[in-house]
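As you go down the protein sequences, you meet chains A and B in turn.
Each step along the first sequence adds one to the number in our numbering, with nothing skipped, and position 105 is 105.
Each step along the second sequence adds one to the number in our numbering, with nothing skipped, and position 89 is 89.
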Amino acid sequence: MRRANHLVFDDMVTKQSPALTAYSRAKLNGKLGHFDQLAVMVLVDNLNNNTDGFDLWMAHSADDRIWLYTANGSLTRPTTGNVHWDVAAGAAPLLTTDTNIGTYLFAGAPLFDFVRFEMAFSSTNTGGHIRVYVTQRDQGA
Amino acid sequence: MLRRKLLVLDEFGPAGIISTSHARFNHSLGAFDQLALMAVIEAQTGNGGFDLWVSHSADNRLWIYQKSGTTTPSAAGDISLSLPTSPSLAAGSYRNDGVMPLLAFVRIEVKLTSPATGRIKVYAVQRDQGG
């Protein structure tokens with residue numbers, strides 16, 4: 001059943017070089033690791049660039065200090081995020097004319113007790129407004 | 001949902017020596033269906049490797065390695081890391097989703113391959129879908 005719904009990030013990310021990596025609020029790390037299933041909704045709008053890519057990665061930790069990415073189990077961030085807009089030719093980049101909506105649904109192997117999200121635009125020339133919601137569910141009583 | 005977190009091993013690991021989680025954790029580690037282990041190696045000197053094996057038992061006396069299904073460990077552990085020349089920080093994870101049940105008792109073994117030495121921490125996070 002549904003256990004919680006959090007707005008884990010709601011801010012403008014400005015363009016800068018090197019590209020900025022933004023993180024979900026640290027005070028939510030413990031809450032995000034509490035239940036087994038996570039559904040993530042990402043909204044990106046108010047872009048200042050014509051077209052760009054965007055990634056959101058999920059990472060987890062048992063000590064709230066050293067983080068392993070859930071996609072590869074490594075300290076090294078995967079090239080492609082759990083939510084991904086691709087700027088490559090023929091792919092699906094972010095739209096500047098509408099709000100971009102992405103989702104990531106997690107119900108996999110058990111997580112550690114701290115979870116956080118990282119997000120970044122693909123280029124150093126893009127800024128925009130990012131919102132990330134996380135819904136938590138559980139199959140326990 | 002999240003049930004418990006345990007720091008099951010926190011010690012300096014000499015090269016080539018197998019360290020086992022304390023026996024007082026054996027019962028606790030087998031209590032819930034899902035198990036996630038995070039191994040962190042810090043203050044490392046010398047390159048080499050790190051392996052962590054999960055074994056389980058129904059009598060807390062004779063142990064079967066989960067990966068190999070026998071009393072002999074597999075060459076590479078459930079977590080197997082290549083450690084570069086120091087200084088470095090290394091971490092790896094093992095995540096058991098509980099689809100294949102564990103025996104009642106669970107323990108962890110770790111080893112640093114010579115000449116690597118370092119401080120090893122292993123956290124165990126337990127989850128369960130039961131009531």
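The beta carbon of each residue, even a glycine, is placed where N, CA and C say it ideally should be.
Review point. When you compare each of A:G128, A:G127, A:F117, A:H34 to R25 of chain A by their alpha carbons, which one comes out closest?
Key: Counting from 1 along the first sequence, the entry for residue 25 of chain A is found at position 25. The option with the nearest alpha carbon to R25 of chain A is A:F117.
**Study point:** Nearest-angstrom Cα separation, counted from L43 of chain A out to L95 of chain A
**Key:** Translated into the one-based positions of the first sequence, residue 95 of chain A becomes position 95. Translated into the one-based positions of the first sequence, residue 43 of chain A becomes position 43. Their Cα atoms are separated by approximately 11 angstroms.
Exercise for review: To the nearest angstrom, report how far apart G128 of chain A and M12 of chain A are at their CA atoms.
Suggested key: As a first step, residue 128 of chain A is located in the first sequence; it is residue number 128 there, counting from the start. As a first step, residue 12 of chain A is located in the first sequence; it is residue number 12 there, counting from the start. One C-alpha to the other measures close to 6 angstroms.
Practice item. Step through the CB atoms of chain A and report whether any lies within less than 8 angstroms of the CB of Q129 of chain B. Key: Locating residue 129 of chain B in the second sequence gives position 129, counting from the first residue. At least one chain A Cβ lies under 8 angstroms of Q129 of chain B.
Check your understanding: When every heavy atom of the ligand SAM is checked, does at least one fall within less than 7 angstroms of the C-beta of D52 of chain A?
Key -> The ligand content of the structure shown is nil, which means the ligand SAM is not present either.
Practice item. Verify the CB distance criterion: does Y65 of chain B have a CB-CB separation below 8 angstroms to chain A? Key: Here residue 65 of chain B corresponds to residue number 65 of the second sequence, with the count starting at 1. Not an interface residue.
Review point. Taking Cβ positions, are Y133 of chain A and L56 of chain A nearer each other than 8 angstroms?
Key: In the first sequence, residue 133 of chain A corresponds to position 133, counting from 1. In the first sequence, residue 56 of chain A corresponds to position 56, counting from 1. No, these two residues do not count as a Cβ contact at 8 angstroms.
Check your understanding: At a Cβ cut of 7 angstroms, what residues of the segment 100-124 of chain B count as close to chain D, listed as they run along the chain?
Key -> No chain D appears in the structure shown, which is made up of the protein chains A and B.
Review point. Going by alpha carbons, who is nearest to F121 of chain A out of A:D10, A:D113, A:F54, A:K27?
Key: Along the first sequence, read from residue 1 onward, the residue named residue 121 of chain A stands at position 121. Checked all of A:D10, A:D113, A:F54, A:K27; the closest Cα to F121 of chain A is A:F54.
Practice item. Using beta-carbon positions only, say whether A39 of chain B and I120 of chain B come within less than 8 angstroms of one another. Key: Counting from one through the second sequence, the residue named residue 39 of chain B turns up at place 39. Counting from one through the second sequence, the residue named residue 120 of chain B turns up at place 120. Yes, they are a contact pair.
Review point. Mind pulling the beta strand (DSSP E) runs of 3 or more residues that sit fully within the segment 58-101 of chain B?
Key: 79-83, 90-96
Practice item. Step through the CB atoms of chain A and report whether any lies within less than 8 angstroms of the CB of G92 of chain B. Key: In the second sequence, the residue the question calls residue 92 of chain B occupies position 92. Contact of G92 of chain B with chain A is assigned, a C-beta pair being separated by under 8 angstroms.
Point to revise | Environment of D36 of chain A [buried if 16+ CB atoms lie within 10 Å] | key: Taking the first residue of the first sequence as 1, we reach residue 36 of chain A at position 36. Looking at its Cβ environment, which holds 16 or more other Cβ atoms inside 10 Å, D36 of chain A is buried.
Practice item. Using the DSSP secondary-structure output, state which residues sit across from D10 of chain A in a beta bridge. Key: Position 10 of the first sequence holds residue 10 of chain A. Beta-bridge pairing links D10 of chain A to A:R131.
**Study point:** A116 of chain B versus L9 of chain B: straight-line alpha-carbon distance, rounded
**Key:** Stepping through the second sequence from its first residue, residue 116 of chain B is reached at position 116. Stepping through the second sequence from its first residue, residue 9 of chain B is reached at position 9. The alpha-carbon atoms of A116 of chain B and L9 of chain B are separated by roughly 18 angstroms.
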